[in-house]
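The working numbering puts the last residue of the sequence shown at 935; the count rises by one with no breaks.
Positions of the beta carbon are idealized from the N, C-alpha and C atoms, including for glycine.
None of the values given here were measured: they were computed from a predicted structure.
Reading through the structure tokens given below for one structure.
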Amino acid sequence: MAPKQKKPRLRQRRDIAALLNPRNIVIVGASDKPGNWAERSWNNLHRYGFKGAVYPINPGRDEVWGSKCYRSFDDLPEKPDHVLVLVPARFVSATLKDAAAAGARSATVISSGFGEMPEPAAIKLCEELAETVRETGLAVSGPNCLANFSGGEKVVTMVDNRTLRTEPGPVAIIGQSGGLVMALKRTLEERGMDVGYIVTSGNEAGLTTADYIEYFAANPQIKVIISYLESVRDPQKFLAACEAAKSVGKPVIVLKLGTSDSGRAAAMAHTGALAGSVAAFDAIAGDAGVIRVSNLDDVIEASEYFLHAPLPSGKGVGAITFSGGLRGLLLDHAEANNLSFPPLAAKTKRRLSELLGVGSIIGNPLDSGFAALNSEETYINCVRAMLDDPGIHTLMLQEEIPRAPGAERKVEYIRAVNALAAKAKKPITYVTMISHSMNDYSRDIRNDFRNVAFLQEADKALRAVRAVTSYAERKANRKPKARKIKPQAIPAAVTRSIAKAQKQTGLVPLSEIESKKLIRAYGIKTPKEKLATSGAEAARIARDIGMPVVLKATGAELTHKSDVGGVLLNNNTLASVRDGFTTINRNVAAKAKGATLDGVMVAQQVKGEIELVIGASRDPEMGPFVMFGSGGVALELYRDVAFAAPTLDEASANALIDRTAAAQLINGYRGAEPLDRSAVIKALIAVSRLAVDLGDHIDSIDMNPFVLKRRGSVALDALVVLAGELVD
């Protein structure tokens, strides 16, 4: 298949503009069949006041829907601009070629049958469609989609026949599921957030989510970009688009399908594309400015925050409540969401004590009691005191927007806070006890106060705060050029390993000896060790290295040596070494039948302060990513690990370490002497480089345990698994 030709950005933006704001629209597949989708699109275009002409085409009809029907593009009174395709899959490519020849700039293919299920005929049609898109140069959305929506331009080609609000809103939604994006639109608008654009991207045979993100990043109307994403077609293009959005201060909020095996299977069934692991997606896309959320509710809360409040400068959260119950819920949910309400500064406590009386709990969260309820001045002074506290970076206030007249005092409180928020350097958000609906009355109030976010329900609200805080932290710490690594020569050990992989199919696990040669080529230290093929030789090696020693079974097929009794520690005598050699041979023969034993590794037994794990894997969707965390048995027990893109520099390696509990041990937990953090950073950068150098031939790199000392570090074990030439 020929590579897809890249278009200049300005031309591509014009092409997408032609899709979302065309001069005219041609509907191919016009039919009188009751309830057909072509008629729904026709009705919506007229219902919402599209200003251009709409031309139906059906080669066998002269009239349809009470209007003139055209038999071909040649019969149209003007050149087609945007083409809406609703014909059987086998006719789609020919239709697009005819449209392009007639002068069309863009098309939306609603038709399905292009590889959503892995059937040979459908896959072939999908390949033909992709080739047609390349040949014609058309900007094509779909196939297998529900068309698109441009609120301000009144372009509604979507087949949804429910009443839609059409306004030039600040939110753009891109989704591979039409049903989900419409649910988001309805709920956002109920909360007072207008949706300006919707693209249902479908199987993305032409334009991809990355193209739309890049377009909306450059669109001054749009402030927040939402994506329901089942798979990433081109990781580098996707990341570049997200970086472009981040550079102009536009968050990309992603609800990603595929956080479970079943979810990944659903993604494959829906769009025919492979979804990778969520750990890899978070590691790589997070650095590019993506905020991944877990559900549709979280999309709504995050959007509300981003549209109405500035980014925080730190992690500290403060709150003022009128309810002890809500105060307790906030504390519980903060801990569950890895947030904290830091203790108030002494000066803040004194100010609040002077303002409040009996019935108040002076702390964080602050339960302000009747004193604040009965006096707007007291309440606003409490808000000011909390904002002035150096440990608080986001302030949450208990309140629910009134939905009927009679709560004028409450509205005046909100008005005063909104005025204060306009000048404050810290974000202010409201939080409700429970999720609730909104009506025209409450939306009017909401729209009057644009400087504060109105979040609903404590847990959802704190998830939004956590997501925004993480985004702000990465945005502040990540320099634009930090993704690039200074080119260095690839060690000979890597080129030899790649050559080995190219000669094989499937996964190619390297032996421990080969794996350690690789990591040593990148400056990572390993213990003194040597392979023995007899008990006597093992004893001689042990005498030269010095006691105690570790004995380890060695062979490319022995990837989990401990599970088969292939590791013996604390060998302090020559006799125990000779006996151990025999024991390991016996254990492997009994528990790993058929595995080839190359010999027994006799290694220096190294004692360190803590055991860590450093590794890398290749995700089928996002590519390589790096892992760091607590190693040894702790890896399986606690899963204290974090992930990052394989483009680590010192700053990003530091940030990766800090996302784990192991960082506390490295820094010196409870007065202990700090360990050699710089050694971990160097090893992470080295593994990152190795993963990049191996390219498509990396499957996984695993150094566990990686022992850290007060000075220096040692990789006690290493396993590198390569991907053979025929593995994707």
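Quick check on this structure: which residue in the options has the alpha carbon closest to the alpha carbon of residue i?
i      : options                        : result
Ala862 : Asp494, Ala760, Gly598         : Asp494
Asp489 : Gly773, Arg681, Ala858         : Arg681
Leu345 : Val506, Val894, Ser300, Gly358 : Ser300
Ser741 : Gly267, Val316, Ala782         : Ala782
Glu342 : Ala553, Val402, Lys463, Ala412 : Ala412
Val497 : Ile420, Leu503, Gly535, Leu537 : Ile420
Arg653 : Ala631, Tyr678, Glu619, Lys630 : Glu619
Glu511 : Arg793, Phe577, Thr636         : Thr636
Ser575 : Pro612, Ile599, Gly535, Ser530 : Ser530
Ala858 : Ser885, Tyr845, Leu844, Val840 : Ser885
Leu303 : Glu334, Asp269, Thr339         : Thr339
Lys430 : Asp401, Phe913, Ala417, Arg825 : Asp401
Val672 : Asn545, Glu584, His289, Ile791 : Asn545
Pro158 : His289, Ile234, Asp418, Thr789 : With the chain covering 208 to 935 only, the question about residue 158 has no answer from this structure.
What is the DSSP secondary structure of residue i, reduced to helix, strand or coil?
i      : result
Ile817 : strand
Glu857 : helix
Arg846 : coil
Ala930 : strand
Ser319 : coil
Lys633 : coil
Phe356 : strand
Ala476 : The pLDDT assigned to Ala476 is 40, lower than 50, so where the model puts this residue is not dependable; a value taken from the coordinates is nonetheless given after this. Residue state, collapsed to three classes: helix.
Asp924 : coil
Ser788 : According to the sequence as given, residue 788 is Phe; it is not Ser. In this structure, Phe788 counts as helix in the three-state DSSP scheme.
Val363 : strand
Thr528 : strand
Glu284 : The amino acid at residue 284 is misidentified as Glu; the sequence shows Pro. Residue state, collapsed to three classes: coil.
Val627 : Just to set this straight, residue 627 is Leu in the shown sequence, not Val. If DSSP states are grouped into helix, strand and coil, Leu627 belongs with the helices.
Leu518 : coil
Ala412 : coil
Glu374 : coil
His540 : helix
Lys800 : coil
Arg917 : coil
Ala482 : Unreliable positioning characterises Ala482 in this predicted model, as indicated by a pLDDT of 40, which lies under 50. A coordinate reading is not provided.
CB residue i to CB residue j, shorter than 8 Å?
i      : j      : result
Arg364 : Asn251 : Strictly speaking, residue 364 in this sequence is Thr, with Arg absent from that position. Yes, Cβ-Cβ distance for Thr364 and Asn251 is below 8 Å.
Glu397 : Met645 : yes
Ile223 : Tyr422 : yes
Thr315 : Cys352 : yes
Lys667 : Asp505 : yes
Ala802 : Glu828 : no
Ala760 : Val807 : yes
Ala507 : Thr601 : It should be pointed out that residue 507 corresponds to Ile in this sequence rather than to Ala. No, the pair does not count as a contact, with Cβ atoms beyond the cut-off.
Val715 : Leu901 : no
Lys798 : Val771 : yes
Leu882 : Ile873 : yes
Val938 : Met603 : Coverage of the chain is limited to positions 208 through 935, which leaves residue 938 absent and any answer about it impossible.
Gly564 : Ala553 : no
Ser318 : Leu283 : no
Ile433 : Ala354 : no
Ala810 : Val784 : no
Pro912 : Gly822 : no
Glu758 : Leu738 : The sequence shown places Leu at residue 758, not Glu. Not in contact: Leu758 and Leu738 (Cβ atoms no closer than 8 Å).
Ser837 : Ser907 : no
Rounded to whole angstroms, what's the CA-CA distance from residue i to residue j? Just pull it up for me.
i      : j      : result
Glu880 : Lys814 : 16 Å
Ile705 : Ala245 : 53 Å
His904 : Pro295 : 40 Å
Met461 : Ile405 : For the record, residue 461 in the displayed sequence is Val; it is not Met. Whole-angstrom Cα-Cα distance: 14 Å.
Phe280 : Asn684 : 54 Å
Glu438 : Thr555 : It is worth fixing the name first, because residue 438 is Ser in this sequence and not Glu. Ser438 and Thr555: Cα-Cα distance of roughly 48 Å.
Ile726 : Lys732 : 8 Å
Asp786 : Arg747 : 13 Å
Ala708 : Lys889 : 27 Å
Pro325 : Thr415 : 20 Å
Asp826 : Leu819 : 22 Å
Gln695 : Val362 : 51 Å
Arg866 : Ser238 : 57 Å
Is residue i close to chain C, meaning its C-beta is less than 8 Å from at least one C-beta of that chain?
i      : result
Asn792 : In the structure shown, chain C cannot be found, because there is only a single protein chain.
Verify the contact flag: residue i, CB atom, against every heavy atom of the ligand ADP, threshold strictly below 7 Å.
i      : result
Ile234 : In the structure on display, the ligand ADP does not appear, and there are no ligands present to speak of.
*Note down, one range per segment and in chain order, each alpha helix (DSSP H) of at least 4 residues found wholly within the segment 694-775.*
For the segment 694-775, whole alpha helix (DSSP H) runs of length 4 or above, ordered along the chain, are 699-709, 719-727, 742-752.
*asked:* I'd like the ranges of any alpha helix (DSSP H) spanning at least 4 consecutive residues and lying wholly in the segment 860-902.
replied: 869-874, 884-901
*What are the uninterrupted segments assigned as beta strand (DSSP E) that are 3 or more residues long and contained completely in the segment 563-650, given in chain order?*
601-605, 635-638
*Run through the segment 376-436 for me and flag every whole beta strand (DSSP E) of 3 or more residues, listed as ranges in chain order.*
378-382, 402-407, 431-436
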